[in-house]
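Step one of this worksheet: look at the structure below.
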Amino acid sequence: MRIILLGGPGAGKGTQAKFISERYGIPQISTGDMLRAAVKAGTPLGKEAKKIMDAGGLVSDDIILGLVKERIKQPDCANGFLFDGFPRTLRQAEALREEGIDIDAVVEIDVDDEEIIRRMSGRRVHPASGRTYHVVFNPPKEEGKDDVTGEPLVQRDDDKEETVRERLRVYHEQTEPLIEYYSKWAGQGGKGAPRYIRVPGVGKVEEIRDAIFRALDELA
Numbered sequence: 002m003r004i005i006l007l008g009g010p011g012a013g014k015g016t017q018a019k020f021i022s023e024r025y026g027i028p029q030i031s032t033g034d035m036l037r038a039a040v041k042a043g044t045p046l047g048k049e050a051k052k053i054m055d056a057g058g059l060v061s062d063d064i065i066l067g068l069v070k071e072r073i074k075q076p077d078c079a080n081g082f083l084f085d086g087f088p089r090t091l092r093q094a095e096a097l098r099e100e101g102i103d104i105d106a107v108v109e110i111d112v113d114d115e116e117i118i119r120r121m122s123g124r125r126v127h128p129a130s131g132r133t134y135h136v137v138f139n140p141p142k143e144e145g146k147d148d149v150t151g152e153p154l155v156q157r158d159d160d161k162e163e164t165v166r167e168r169l170r171v172y173h174e175q176t177e178p179l180i181e182y183y184s185k186w187a188g189q190g191g192k193g194a195p196r197y198i199r200v201p202g203v204g205k206v207e208e209i210r211d212a213i214f215r216a217l218d219e220l221a
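The sequence shown finishes on residue 221 if you use this note's numbering, and the numbering steps up by one all the way, no holes.
Listed below in structure tokens is the structure:
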């Protein structure tokens, strides 16, 4: 099973990726992990990527695609793989198709922006222990204080509303063309066309997981 997972920041992609990976016995592959592994292993592509990153540049689509092709040849990808955060752009999606790398399913976890903002901007953290709370879904016993130590909780910069809105803007700018590309291709059918699965990402984690499994099991 070869799967692409799409979803905005805070949509619950990481949680669902683990479930999918375990159920179908496929590795979860992110471009960040691939880059780190290639740099650490000192592969030719890894050395090239390191040079660009050390200079503060963005790694090109060609290098990313090269890493993807290397990664999916590894034995743990024999039954397939789960791409998380790749492809990120239309160019990368088209390059995947040109390389003949077939995808069985594209799964989009669909959560509206205001819900994502509510989820992320409500998070609070106890810096010393890493304990996390949420002002609505998992509040501390005393507002603004850690349950164990009574020390103040903080809101991480990443969880501030303006930061979340900016991340969502970038996500929509990059990913909406991808959503359109894959859903249109799935609708047209033909050689190598993936199945497009849109799952509402609101509700219990287990309900979202089961909805994804039901759709993917039809392809297994």
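Each residue gets a CB set at the ideal place from its N, CA and C atoms; glycine is no exception. Note that the coordinates shown come from a computational prediction; the quantities given were computed from them, not determined experimentally.
Contact check, residue i vs residue j, beta carbons under 9 Å
i, j, result
"VAL108", "ILE5", "yes"
"GLU106", "LEU36", "Correcting the residue identity first, residue 106 is Ala in this sequence and not Glu. Their beta carbons are not under 9 Å apart, which means ALA106 does not touch LEU36 by this criterion."
"ARG89", "THR32", "yes"
"ILE118", "LYS14", "no"
"LEU66", "TYR182", "no"
"ASP103", "PRO28", "no"
"TYR25", "LEU83", "yes"
"ALA187", "TYR197", "yes"
"VAL137", "GLY123", "yes"
"GLN93", "ASP114", "no"
Exposure of residue i, with buried meaning 16 or more beta-carbon neighbours within 10 Å
i, result
"PRO45", "exposed"
"HIS127", "buried"
"ARG125", "buried"
"ASP85", "buried"
"GLN189", "exposed"
"GLY43", "exposed"
"ARG72", "buried"
"THR201", "Note on identity: in this sequence residue 201 is Pro, with Thr being the wrong assignment. Label assigned to PRO201: exposed."
"ILE209", "buried"
"VAL165", "buried"
Collapsed DSSP secondary structure at residue i in the structure displayed
i, result
"LEU169", "helix"
"ASP111", "strand"
"PHE82", "strand"
"PRO141", "coil"
"ALA129", "coil"
"PRO28", "coil"
"ARG3", "strand"
"GLY8", "strand"
"ALA18", "helix"
Beta-carbon contacts of residue i that lie in its chain and below 8 Å, excluding the five residues immediately before and after
i, result
"THR150", "HIS127, ALA129 and SER130"
"THR176", "LEU7, GLY9 and ARG89"
Same chain only: Cβ atoms within 7 Å of residue i, ignoring 5 sequence neighbours per side
i, result
"THR16", "VAL206"
"VAL40", "GLY47, ALA50 and LYS51"
"ARG120", "GLY11"
"ARG168", "PRO10"
"ARG3", "GLY81, PHE82, ASP103, ILE104 and ASP105"
"TYR225", "The chain is shown only over 2 to 221; residue 225 falls outside these bounds and no answer can be derived."
Contacting residues, own chain, Cβ-Cβ under 6 Å from residue i (five flanking each side not counted)
i, result
"ILE21", "LEU83"
"GLY193", "ASP103"
Checklist entry - Unbroken beta strand (DSSP E) runs of length 3 or more, entirely within the stretch 35–95: which are they? => result 82–85
Item to check | Contained alpha helix (DSSP H) runs [length at least 4] in the stretch 189–215, N- to C-terminal order | outcome: none
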